[in-house]
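Shown next, in structure tokens, is the structure this report addresses.
2 protein chains.
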Amino acid sequence: MSDVARLAGVSIKTVSRVVNDEPGVHPATAERVLAAIDQLGFRRNLSARNLRRGSSTGTIGLVLEDVANPFYSGMTRAVEEIARLRGRQVLTGSSDEQPARERELALEFCARRVDGLLIVPAGLQHGYLTPEMRAGTPVVFLDRPAGDVVADTVLVDNIGGTIEAVRHLAAHGHRRIAFFGDAPDIFTANERLRGFREGCVRADVGYHEELVVMGPHDEHTVAEALRRVFGGRQPATALVTGNNRITVYVLRALAGRTDRPALVGFDDFELADLLSPPVTVIAHDASALGKAAADLLFARMDGDSSPPRRVVLPVRLVPRGSGEVTA
Amino acid sequence: MSDVARLAGVSIKTVSRVVNDEPGVHPATAERVLAAIDQLGFRRNLSARNLRRGSSTGTIGLVLEDVANPFYSGMTRAVEEIARLRGRQVLTGSSDEQPARERELALEFCARRVDGLLIVPAGLQHGYLTPEMRAGTPVVFLDRPAGDVVADTVLVDNIGGTIEAVRHLAAHGHRRIAFFGDAPDIFTANERLRGFREGCVRADVGYHEELVVMGPHDEHTVAEALRRVFGGRQPATALVTGNNRITVYVLRALAGRTDRPALVGFDDFELADLLSPPVTVIAHDASALGKAAADLLFARMDGDSSPPRRVVLPVRLVPRGSGEVTA
DNA sequence: CCGACCCCGGACAACGTTGTCATAGTCGCC
DNA sequence: GGCGACTATGACAACGTTGTCCGGGGTCGG
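Chains A and B are the protein sequences, given in the same order. Anchor point for the first sequence: position 214 equals 214 in UniProt numbering, and the numbering is continuous, going up by one each time. Anchor point for the second sequence: position 28 equals 28 in UniProt numbering, and the numbering is continuous, going up by one each time.
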């Protein structure tokens, strides 16, 4: 900046005035300054500006599990969109479901003085955020609640979703329904299991412990589980899967088989409608989740200091003809 | 920081020494300082630190088209991964294929003094980056080359891919092959079209202008194009689609039809193998693209000043049984 | 013709941090 | 006991920017 000032033959402060569109600069002077800026390719240092002004850094942080998962990338896009409307940039990071990584990312973002944090919790311990939150950084949790701090949270209706899934399958005559969910220490996995259990009770189809498999993490384990649950003397006839990854593992493990059991998957996914048979899903909108959380975050950044809110977004069952009795 | 110093009864510099693990601090003093830090929830301001040290900001910028597109989200994840290994954070933004947005994002990132920029170009004008690059910010272009600056670029073998697609279809007896590509002002779309044309020549199947549709942008326009190209007196019997979005539009427009024409899609996509019939694709690895570009960027950040490189990653045809004559 | 006012420009401090250098205190050794 | 060496700590400047305040000159009215 001092280079620009020297070249334009003015003081450094005048340059500042020009780049900030402050009044009180003679047009000819401004012209000279702009020419110098152009010639030198000057771009003001936003960090220094923010430091000096004590103002916001114009960034928000987004910590999620894996941006490569379509569910989270849709969410990311929605957050980006809201941030853009509010003139903020987004720092992203994937925790890979590791609490240490989540913490590392979140604290790193805080050290960069983000104006707000959006977090998909990987673990249950979030005490490390207390100082930051007390210092005024708003934090909104997405998709899962924080373990041990009270803060805004945006969730989807996990329990209602699996209740509905079971209801749907029971209505099509299924009595022995299996559930494959993610690791039980993941909030959503646990909630969906609870909903499944509740759904079984409500639909009066009986809840069978041996038909529940939590935490299969690749195609192989899923195939194994399928053999166990759909073989034997009392095989299941229908399956509820706890998230999009597991649904895909199941589909892949069953590829080429014509006798695919009735299936309802949590999370919608592209092309679910084009498979044969199409896959019935519990759909919820990743963008809506991101948008709701970002809106909430910006409201906090704008000074909203009402008590922490918990927003639960609805899910809806999208029947695609795979709920019928096929086995 | 001065609060911490006051509370611990030391000077601000001593606090700095403690948070930087500098030697020469009495253990008891360090203890007091740490206690004060803990009590006040102090976290040092990275912006100020970087400003003072004149060192890097520890961030890189990634401008892409749409993070919600699985292709780009895979790329993002790979970039994140490399950045993490190098201790950097990633700022992301989606340009939505709008040159103005790309420029805005890139310049914003530069103003934040990112250590490097990864850009999926939306337009052809990148002169705006010249000052930044001259100032030492390395820039690597991904997936498409820059319009008017020389810089490192990582591409996939678009031309080779569509040549191969045509070869595959011709080998299965197709003579009238159609091509649906993205808007022709997009580099990859244009390259793939060139490859398609070249492939037709090489396979000696004839290139039919009326079978080429560029720029259909939703399911409706695609359906329209399908009717035109596969109807009429001399219908096509096979189709090459220019990217994953168009492939999906085609599949959706053809849903329920049993006489799907032979299809080869550019870009692999999840579940392509589980559709019936499965979809043959020109596969290339989004993560590999992201990784290669990030590696190149970090090499530049580490001082590599060899002439700009152009890396072309291979693609491969994944036959999935839809190349055969079905119509 | 002179004073008041306005407009433009500049000097200086400060944001939070760290590098440089100085200084007070301590210890060991002759 | 004095001196050098070393240790622990602090004062100060500086990074690039902007807010505050002040001054110099021009204009206009009395």
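Glycine residues also receive a C-beta, built at the ideal position from the N, C-alpha and C atoms.
Asked, Found
"Cutoff 6 Å; reference A286(A); Cβ partners in own chain excluding five residues on either side", "F71, G74 and M75"
"Collapsed DSSP secondary structure at A238(A) in the structure displayed", "strand"
"Residues from the region 72-103 of chain B in contact with chain A, defined by Cβ distance under 7 Å", "S73, G74, T76, R77, E80, Q89, V90, L91, T92, G93 and S94"
"Limits of the unbroken beta strand (DSSP E) element including S94(B)", "Q89 to S94"
"Alpha-carbon to alpha-carbon, E164(A) and N122(A)", "Here residue 122(A) turns out to be Ala, not Asn, going by the sequence shown. Whole-angstrom Cα-Cα distance: 26 Å."
"Under the three-state DSSP convention, the category T230(B) falls into", "Here the sequence assigns Phe to residue 230(B), which means Thr is not the residue at that position. Helix."
"Proximity below 9 Å, CB of residue 403(A) to CB of D268(A)", "With chain A covering only 1 through 327, there is no way to say anything about residue 403(A)."
"L85(A) versus D152(A) - alpha carbon distance", "21 Å"
"In chain order, each beta strand (DSSP E) run of at least 3 residues that lies wholly inside the region 21-109 of chain A", "59-64 and 89-94"
"Sequence-distant residues of the same chain with beta carbon closer than 7 Å to R252(A), five excluded per side", "E219"
"Span of the alpha helix (DSSP H), counted from its first residue to its last, around T153(B)", "Where T153(B) is concerned, there is no enclosing alpha helix (DSSP H), although the beta strand (DSSP E) it sits in stretches over D152 to V156."
"Where Q234(A) falls, given that 16 or more other Cβ within 10 Å makes a residue buried", "exposed"
"Below-9 Å beta-carbon distance, T326(B) vs any chain A residue", "Here T326(B) scores only 44 on pLDDT, less than 50, and its place in the model is too uncertain to base an answer on."
"Beta-carbon separation (whole angstroms), residue 332(A) vs L211(A), contact threshold 8 Å", "Lying outside 1 to 327, the shown extent of chain A, residue 332(A) is not represented and no answer is given."
"Assigned secondary structure, T258(B) (DSSP; H/G/I helix, E/B strand, else coil)", "coil"
"Euclidean distance between Cα positions of E132(A) and Q98(A)", "20 Å"
"Chain-ordered chain B contacts of R113(A) [CB-CB under 8 Å]", "N45, L46 and S47"
"D204(B) at chain A interface by Cβ criterion, 9 Å", "no"
"Cα-Cα separation, E104(A) to E81(B)", "14 Å"
"Identity of the residues DSSP links to L263(A) by a beta bridge", "L239(A)"
"The alpha helix (DSSP H) enclosing M214(B), as first and last residue numbers", "Premise fails: M214(B) lies in the beta strand (DSSP E), V212 to M214, not in any alpha helix (DSSP H)."
"Straight-line Cα distance separating V281(A) from P278(B)", "21 Å"
"Delimiting residues of the alpha helix (DSSP H) encompassing T247(A)", "N244 to A253"
"Backbone secondary structure at I159(B) - three-state DSSP", "helix"
"CB contact check: T221(B) to chain A, cutoff 9 Å", "no"
"CB contact below 9 Å: T57(A) versus chain B", "yes"
"A111(B) (DSSP reduced to helix, strand or coil)", "helix"
"Continuous alpha helix (DSSP H) stretch holding I12(B): start and end", "I12 to V19"
"Pairwise C-alpha distance: A283(A) and G147(B)", "41 Å"
"Residue interval of the beta strand (DSSP E) (run including F269(A))", "No beta strand (DSSP E) holds F269(A); DSSP gives it neither H nor E."
"Residue-level contact to chain A via CB, S287(B), 9 Å cutoff", "yes"
"Interface flag, D273(A) vs chain B, CB-CB below 9 Å", "yes"
"Buried/exposed call for E102(B), threshold 16 Cβ in 10 Å", "buried"
"Candidates A288(A), G256(A) and A189(A): closest to L274(B) by CA position", "G256(A)"
"Length of the line joining the Cα atoms of R113(B) and T57(B)", "7 Å"
"DSSP state of A283(B) mapped onto helix, strand, coil", "strand"
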